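Below: one structure, written as structure tokens.
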Amino acid sequence: MSHQSDLIATDIEAYLAQHENKELLRFLTCGSVDDGKSTLIGRLLHDSKMIYEDQLAAIQNDSKKVGTTGDEIDLALLVDGLAAEREQGITIDVAYRYFSTSKRKFIIADTPGHEQYTRNMATGASTCDLAIILIDARHGVQVQTKRHSFIVSLLGIKHVIVAVNKMDLVDFSQERFEQIKADYLDFTRNLNLPDVEFVPLSALKGDNVVSLSEKSPWYQGEPLMSLLESVEIAHDRNFDDLRFPVQYVNRPHLDFRGYCGTLTAGTVKPGDAVTVLPSGKSSKVKSIVTFDGDLDEAFPPMSVTLTLEDEIDVSRGDILVHSDKVPDVTSRFDAMVVWMSENALIPGRTYDIKLATQTVAGGISHIRHRVDVNTLEQFPSTSLALNEIARCEISVERPIIADDYRQHAGTGSFIIVDRLSNATVAAGMIVNDGEQALQDDNDAISAEPQVSRADKERRYGQRAGIVAISGGTEDSRATLLYSTEKRLFDAGRAVAVLREDSLPPALKGNLSETAQLLADNGLVVLLEGVSEAPGALSVDLNGQSGDLRINSEAQSPAEQVKALLALLKAHALA
1 MSHQSDLIAT DIEAYLAQHE NKELLRFLTC GSVDDGKSTL IGRLLHDSKM
51 IYEDQLAAIQ NDSKKVGTTG DEIDLALLVD GLAAEREQGI TIDVAYRYFS
101 TSKRKFIIAD TPGHEQYTRN MATGASTCDL AIILIDARHG VQVQTKRHSF
151 IVSLLGIKHV IVAVNKMDLV DFSQERFEQI KADYLDFTRN LNLPDVEFVP
201 LSALKGDNVV SLSEKSPWYQ GEPLMSLLES VEIAHDRNFD DLRFPVQYVN
251 RPHLDFRGYC GTLTAGTVKP GDAVTVLPSG KSSKVKSIVT FDGDLDEAFP
301 PMSVTLTLED EIDVSRGDIL VHSDKVPDVT SRFDAMVVWM SENALIPGRT
351 YDIKLATQTV AGGISHIRHR VDVNTLEQFP STSLALNEIA RCEISVERPI
401 IADDYRQHAG TGSFIIVDRL SNATVAAGMI VNDGEQALQD DNDAISAEPQ
451 VSRADKERRY GQRAGIVAIS GGTEDSRATL LYSTEKRLFD AGRAVAVLRE
501 DSLPPALKGN LSETAQLLAD NGLVVLLEGV SEAPGALSVD LNGQSGDLRI
551 NSEAQSPAEQ VKALLALLKA HALA
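Residues in the sequence shown are numbered from 1 upward in steps of one, following full-length UniProt numbering.
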């Protein structure tokens, strides 16, 4: 929706031209549960007259049914559109709203406050220029306030407005406002948040949202809307280092070959010398083609088609850079990773890594440390659960540009996709701060073992061990062995079954030693027929001893597998 203007009635083309050339600000609202994020957006739209009359009437009717503000209109319903959101009075998914004023266009992302929806918040924040972090004046800085501030810093959002909301419930106390301000600055002093403003307001009543309130004469700053209209974002983009990821090769006929894409950084002109990465081939820009004609210059975030003077191999996923500023390419780099899957991360597993317009096979080879977002402390970790954040070493199968996210958001960020389910399981921001300590290939040349059993266990994301299954019949043992192997394999475990009749002659009679060798290499070994393998868990079918005794006559195969898996989980082998 757009602001009201006399030009709409007198000169619609002039109005559209004026509207098209306005600067666009993308911002999000975030913070703890019930801090008033959705209400604030509703108030911004309402007080700036950005709501149609029929919308307002519908919200008034809905407020009587599911509103949470008593007799007053519940403006949060403007953005909380899901039935579950209205029933619970919370935000679950990211909601976007669009409006403009006479000075600027806006896209708002209303993000959820609950911890379980942190991944939704990170997704909504990934394209924003500014973050409004709401704090309930009654409760002060909460766990989610810290979590969201950390993610905002991680995503490189430079501009933050801390909106201390519900000031009407603390009588617009200046002392309370200053205390919250001090607490927030104390927590964020080690975060990368260069531009932070504080505003005391009441989203429900409208104080200090669009205009200054008489209830806070001690506040000498600007209202929230004025800050949104005046914040300087023009210099946030990198215009120095060219990054042009090729999205599509346009070949309509024999006389034209163009490379389509969106500039994520830098500027480009005809005649500029460019290099294609990762191949390293070079040429010069012949022309910059658009639907409206050729351009003399292109800059972010323009979508254009570049033609080159030379016939060189350029494909989707390649990146064009200036030849005098060619960055390094690497197959290993560090990144801050936000894990977004219900299934835990298993280091060493192969995923698809999508960076800009390219997809490359790779995975997380090592977790350097996990970050406690409440205290910013760092802890060692061998896996990541839903919404956890860690610094990791990423390995990919072919070299790519690994730009630091803080300088190049477009080519410094990526997502990790599960190759089986095609679900996005993580988002990452590349870190090039000189502390990577990446291993050089020459460092690995040694006549001594360099990878321990513990290293392999960390890579496989499991504890290695031996499970010896004896007793019962050959069929009952085989059923239990192979059924359990399939369950462990499906769960991502590195597992092997050892049976005497499946071994080559040279290994027959050395079943226990072979099992120990595999366990020392990080595997879970399911061993048949040996009841006394050193250090092994023992499972006795129809017997009277062992760590687990199974009656194969009374228990079904499914019940036997379930019982064995319970034993393995108790000993961290499953």
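The C-beta atom is built at its ideal place from N, Cα and C for all residues, glycine as well. As the structure is a computational prediction, the values presented were derived from the model and not from experiment.
**Message:** Residues in the same chain with beta-carbon distance under 6 angstroms from S365, minus the five sequence neighbours each way, listed in chain order, please.
**Reply:** E393, S395
**Message:** Can you look up Q358 in the DSSP assignment and give me helix, strand or coil?
**Reply:** strand
**Prompt:** What does DSSP give as the partner residues of residue 583 in its beta bridges?
**Reply:** Outside the shown range of the chain, which is 1 to 574, sits residue 583, and nothing can be said about it.
**Item:** Beta-carbon contacts of G472 that lie in its chain and below 6 angstroms, excluding the five residues immediately before and after
**Value:** L541, N542, S552
**Message:** So, for A496: in the same chain, excluding its five sequence neighbours on each side, which residues have a beta-carbon less than 6 angstroms away from its beta-carbon?
**Reply:** L518, L523, V525
**Request:** State the CB to CB distance for the pair D136 and K181, rounded to an integer number of angstroms; the pair is presumed to be in contact (CB under 8 angstroms).
**Result:** 14 angstroms between Cβ atoms; not a contact.
**Message:** Excluding the 5 residues flanking S413 on each side, which residues of the same chain have their C-beta closer than 6 angstroms to its C-beta?
**Reply:** Y405, M429
**Request:** Please name the residue in L212, W218, K215, L227 whose C-alpha comes closest to that of L25.
**Result:** L227
**Message:** So, at 7 angstroms on beta carbons, what are the nonlocal neighbours of F489 in its own chain, with the 5 sequence-adjacent residues on each side left out?
**Reply:** V495
**Message:** When you compare the stretch 277-284 with the stretch 314-327, are there three or more beta-carbon pairs, one atom per stretch, that lie closer than 8 angstroms?
**Reply:** yes
**Message:** As a quick exercise: from L191, G529, G266, N208, pick the residue whose alpha carbon is nearest that of K480.
**Reply:** Sequence check: residue 480 is Leu here, not Lys. Residue G529 is the option with its Cα nearest to L480.
**Request:** Determine, using beta-carbon pairs with one atom in the stretch 188-196 and one in the stretch 138-156, whether at least three such pairs fall under 8 angstroms.
**Result:** yes
**Straight-line gap, R138 to S211 (C-alpha atoms, nearest Å)** = Cα atoms of R138 and S211: separation of roughly 23 angstroms, rounded to the nearest angstrom.
**Request:** Can you tell me the Cβ-Cβ gap for G271 and V285, rounded? I've got them flagged as a contact below 8 angstroms.
**Result:** 6 angstroms
**Item:** Beta-carbon proximity check, R398 vs S315, cutoff 8 angstroms
**Value:** Taking 8 angstroms as the cut-off, the Cβ atoms of R398 and S315 do not count as close.
**Message:** If I measure Cβ to Cβ from C128 and keep anything under 7 angstroms in the same chain, skipping five residues before and after, which residues do I get?
**Reply:** R26, F27, L28, A109, I157
**Asked** Does DSSP classify L567 as helix, strand or coil?
**Response** helix
**Prompt:** So, helix, strand or coil for H46, using DSSP?
**Reply:** helix
**Message:** Measuring alpha carbon to alpha carbon, tell me which residue in R477, L201, F244 is nearest G258.
**Reply:** F244
**C-beta atoms of Y184 and G348 nearer than 8 angstroms** = no
**Prompt:** L480 bridges to which residues according to DSSP?
**Reply:** BP columns for L480 are empty, so no partner.
**Asked** Looking at the structure shown, is R147 part of a helix, part of a strand, or coil, going by DSSP?
**Response** helix
**Prompt:** Are three or more beta carbon pairs between the stretch 446-465 and the stretch 500-512 nearer than 8 angstroms?
**Reply:** no
**Message:** Measuring only the C-alpha atoms, how far is S216 from F172?
**Reply:** 6 angstroms
**Message:** One question on the structure: do F299 and L263 come within less than 8 angstroms of each other, judged by their Cβ atoms?
**Reply:** yes
**Asked** So, are the CB atoms of P380 and S483 less than 8 angstroms apart?
**Response** In this structure, P380 keeps its C-beta atom at 8 angstroms or more from the C-beta atom of S483.
**Request:** Identify which residue in A402, A385, K325 has its Cα closest to the Cα of V360.
**Result:** Check the Cα spacing between V360 and each of A402, A385, K325: the tightest is with A402.
**Request:** Measure how close the beta-carbons of I416 and Y351 come, nearest whole angstrom, since I'm counting them as under 8 angstroms.
**Result:** 5 angstroms
**Request:** Leaving aside the five residues before and after P327 along the sequence, list all residues of the same chain whose C-beta is less than 7 angstroms from its C-beta, in chain order.
**Result:** V321, I401, D403
**Message:** Rounding to the nearest angstrom, what Cα-Cα distance links A273 and T111 in this structure?
**Reply:** 43 angstroms
**Message:** Using CA atoms only, rank isn't needed, just tell me which of G465, L527, G261 is closest to A356.
**Reply:** G261
**Item:** Separation of L45 from E342, as counted between CA atoms
**Value:** 36 angstroms
**Request:** Could you tell me the distance, in whole angstroms, from the CA atom of A122 to the CA atom of D34?
**Result:** 18 angstroms
**Prompt:** Does DSSP put N250 in a helix, in a strand, or in coil?
**Reply:** Of the three classes helix, strand and coil, the one that applies to N250 here is strand, per DSSP.
**Prompt:** Going by beta carbon distance, what residues of the same chain come within less than 6 angstroms of R477, once the five residues before and after it are set aside?
**Reply:** I469, E528
**Per-residue DSSP class, three states only, for R86** = Note that R86 scores a pLDDT of 40, beneath 50, so its modelled location is shaky; the value from the coordinates is reported in the next line. Annotated three-state conformation of R86 is helix, per DSSP.
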